[in-house]
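Beneath this line is the structure, given in C-alpha cells, with notes to follow.
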DNA sequence: GCACATCGGTGGCGC
DNA sequence: ACCGATGTGC
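Residue numbers (UniProt numbering): 1 to 818.
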C-alpha cells in the first residue's frame, strides 16, 4: 500500500511541475461552478450527479482534457468507460476537440465490453480460452442453449431456451459463475438451470467462445483470482471515469471497484433519475450507494439545465418527485418561460396519430403562435414499439417523411447475419456455429440428416464441423446433390481462407505464426478484403439466392442476361449486402470488421432529408429535440402494467423515470397525449379496452400545463357535436389531476358541455345498469346489456356486435348526448 | 427437403 | 395483429 502512495506522490510531483510550466487552461472558463468543481477535483472518488441537459458530457470530457493537460496522466493511463459505442465516439471526438488534436492515444476509452475484449484477449488463458476467441451474439447464444436444452431432454415448450438465456444473462449480470449461484436460485428453469449454465460455460470454452456477459464475468473472475494481474491494472489505470453510472449492473460495478481499489481515483457520472434499464440488470442501487462504496466520496450536482424551458423542467421535476429512492436534484434554467407543456386526450390511437400529424403540419408552418419548426426538430417518443405502427400508417398515408430511430439494426438483418457467418467461417474455419448457419444457406440439399452426418463425422474425428464436413464429403458419406454441393462449399471455404492472407512471406522461422491473429506477419493479400467479401458472397451462391431464376424460355432468348432480384424484399436484401461490402472499406481486414460487428450495435443513419423522428423512450435517452410528442400516456401502457406487475413499486419508479426522460428530451415544446380506447391483446381478451389517463398525468403541475381542446371527434369543427361528446367522455376521469385539467378547460374558454352531468356515468354508478337494459355507447351505438362483471359490461350492440366495455362509457338510452 | 398452415406468445434493447 | 417456431402434406 505505502509503496503505491510513494509512487503516486513521486509521479504527481514531477508531473505537476511539468503542468505548472504548461499553458493556461482556457477550457475551464467555459464551465459553470458545479461543472468546474467536477473537473478540478481530480483525486479520490467523485460522483457527478448530472441531471438531463446539464452539460454532463462537457464536464466529463473537460475532466479528461484536464487530467492530460495537467500531466496527471498520460492518455493511455486513463480508463474511460461508456455503455454505447456512440457515446465512446462522441467522447473521443470532444476530447480531441478540447485538446486541439485527435484523441487517438486514448486506447482505454470505450465501452465496458470493448475494453473487456481487449483485456480478455491478453489474459484469455486465465479463463481457459485462446486469445482469438469469438464473441457470440444473442442468436448464437440461443442456438447453443437450444442444443443443450434438447440434449437434456427438456420440453422446450414448457421451458423455452429463451427463458434459460434470460436466467443465465441475469446470473452473469450479477457476476455469478455456476458454482456461485445462490441456493435461492437453484429452482430456476425447472431445477436444471444451474446445471445447464455449467454445461453452457463448458461448451463455450470448447468452442473458444464467449457471450457478452462473459466479457465482464471472465475479467471479474480473473481479477479476483489473480491479484497480480489486478494490481498491474490498478497501477496502470491512474484515473477511472465512468459514464451513465446509473446503468451499471453488478458485474460492471465489481469490475470498476476492483480496478479502482488501489488509488480510488474514480469519477462516476450519472443520473439516478434516468435509470431505465433495470430490466436489463442495471442496478440503480449502484449509484445510490456510491458514497457508502467509496468512503469520502465527493458528490457534485450538476443542476443548471441548458436544454429546456422552465415549464418543461417544472413538469419533469414534479413527476420525478413522486419517486422515493432518489439522491435528489432540482433542475433549473435561466431560459425564458416559453410554452407550457401541452396536454390533450383523444378517442383512440388512430385519432391521436391523426392529431399529431396535423399538429406537426401546423407547427411546421408556424400557425400555432410559435416559431415554425423543421421536421427534423420534431420527435415522437412512445413507450412500446407497437405504438409506432399507427403513427407510421398515418405518416405514410399523408406522405410525411419520418424515420424510426433504433429499429432493426442493420447488421441484425437476416442477409447481413448470413454474410457475416460466411466471413466468420472463412476467417476462423473452426467456428462451428457460423458454419452451422451457412452450411445449408442458401439451400444445398443438406437437410437434417446430412447435417447430422457432418456432426457425427466431426465428433468421431475430434475436429471442427468444417473439417468433419470435408471428411464426410471426401468419404462420400453424403450422397447425391447434397454431397456435391458440400464438396463445393468446403473447397470454396478453403480457397477463400487462403485469400485472407495472400502469399505467405517467410520472415524467419519463428515469426510466422499461423494462428490467424497476426495478419501483419503476412504479405499483402492478392485481393483486398472488400473484393474477397464480394467473391465469397458470389461464389457461395448466396447473392444468387436472391436473384430471380429465369425460365427456360428467357434463357433461350438471352444466354447471359442480367439477373433481377426475385421480389421487393430480395432487392432490399441485395442492397443491404452491397452496403455491407462498401462498409468493409472502413476496416483493414475481415477480422477487424468481424470484431467490430461483434461489438457494435449502432444503426446507420440514412440521408439528410428533414424527417420526423419516431422512437421508443428507451431509444430517446441522450437525445434532444426542440419539439417532442409523447403519446399513449395511459395507465397500463405507460406506466406499463407488466412492469408494475413484475417488480411492483420498483417497476413503477422506473416507469416514472422513463416519463422524466421523455419530458426532459424537449427543448421548447412538449406535448403529452392519451387515448381513451386502445386495441389490446392480452391473454384471452382481445379487443378494445377503455383506458384511463396515466397516473403520471396527475403528477404534472397544473401551473405549467395547458390543456388543448381536441378537434371534433368526427372531423367536424369546433361546434360539431363530436367535441362535446368527447369532452363529456373525457370528463369521467376521476383523478384529481384530471379534475384540475378540467377546471382549467373552463378557464380557457371551453365551456363544459351542458349535458355532461347527465350523460356521464360515474364509475360508482355501475350498479345502475341492469341485465337487459338498453344502453348507448359513443363508438358502438345502441345495445342491450347481457352480462355484468365488475366495472365491465357485456353489451350486444345492434350494429357493432357483442362487446365487453367499461361501464363508464355507457349511458342509459334516455341520456344519449345528441 | 420445401412450401404452406397453424399455433403460441407477446417490453423496453446495449454490447 | 403479427412474428417466429413448429407441424403437415407433397
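Where a beta carbon is used, it is the ideal one built from N, C-alpha and C, also for glycine.
- DSSP places residue 629 in no alpha helix (DSSP H) but in the uninterrupted beta strand (DSSP E) bounded by 625–630.
- When C-alpha distances from residue 488 are compared across 414, 539, 475, the shortest belongs to 539.
- Pairing residue 81 with residue 112 gives a Cβ-Cβ distance under 8 Å.
- The beta carbon of residue 418 lies closer than 8 Å to those of 437, 438, 441, 542 in the same chain, with the five residues before and after it left out.
- Per DSSP, the continuous alpha helix (DSSP H) segment holding residue 114 begins and ends at 112–122.
- Within the model, the alpha-carbon separation for residue 794 versus residue 690 is close to 13 Å.
- Under the DSSP assignment, residue 420 falls in the alpha helix (DSSP H) whose first and last residues are 414–427.
- Under the DSSP assignment, residue 106 falls outside any alpha helix (DSSP H); it carries neither an H nor an E label.
- If you check the CB distance, residue 388 and residue 404 come in under 8 Å.
- Residue 598 and residue 137 have their C-alpha atoms spaced approximately 7 Å apart.
- Taking C-beta separations shorter than 6 Å and ignoring five residues to either side along the sequence, the partners of residue 79 in its chain run 108, 237, 240, following chain order.
- Residue environment for residue 390: buried (at least 16 other C-beta atoms within 10 angstroms of its C-beta).
- Residue 784 is bridged by DSSP to 774, 796.
- Secondary structure of residue 304 (DSSP, three-state): strand.
- For residue 267, the pairing in a beta bridge is given by DSSP as 46, 241.
- Counted as a single uninterrupted DSSP element, the alpha helix (DSSP H) harbouring residue 253 occupies residues 250–260.
- About 11 Å separates the Cβ atoms of residue 232 and residue 259, ruling out a contact at the 8 Å cut-off.
- The continuous beta strand (DSSP E) containing residue 706 extends over residues 705–707.
- Per DSSP, reduced to three states, the secondary structure at residue 633 is coil, with no helix or strand assignment.
- Non-local C-beta neighbours of residue 313 in its own chain, meaning closer than 8 Å and more than five positions away in sequence, comprise 305, 331, 332, 333, 664, ordered along the chain.
- Residue 38 sits away from residue 319, with the two beta carbons spaced by 8 Å or more.
- Beta-carbon to beta-carbon, residue 342 and residue 637 are separated by about 19 Å, too far to satisfy the 8 Å threshold.
- Per DSSP, reduced to three states, the secondary structure at residue 688 is strand.
- Annotation: residue 547 to residue 492 spans about 21 Å, alpha carbon to alpha carbon.
- Here residue 386 carries a coil assignment [DSSP, helix/strand/coil].
- Inter-residue distance for residue 30 and residue 394 is about 45 Å (C-alpha atoms, whole angstroms).
- Here residue 271 really is in contact with residue 51; their C-beta atoms are around 6 Å apart, less than 8 Å.
- Annotated three-state conformation of residue 289 is coil, per DSSP.
- According to the DSSP secondary-structure assignment, residue 346 is paired through a beta bridge with 675.
- Out of 573, 458, 55, 656, the CA that lies nearest to the CA of residue 276 is found in 656.
- The region 152–170 and the region 191–211 touch, with no fewer than 3 CB-CB distances between them shorter than 8 Å.
- In the DSSP assignment, residue 499 falls within the alpha helix (DSSP H) that extends over 480–499.
- Between residue 35 and residue 302, the C-beta gap is smaller than 8 Å, which places the two residues in contact.
- In this chain, residue 614 is not harboured by any alpha helix (DSSP H); it is covered by the beta strand (DSSP E) spanning 612–616.
- Collapsing the DSSP output to three states places residue 81 in a strand.
- Bounds of any beta strand (DSSP E) do not take in residue 470; it lies within the alpha helix (DSSP H) bounded by 465–474.
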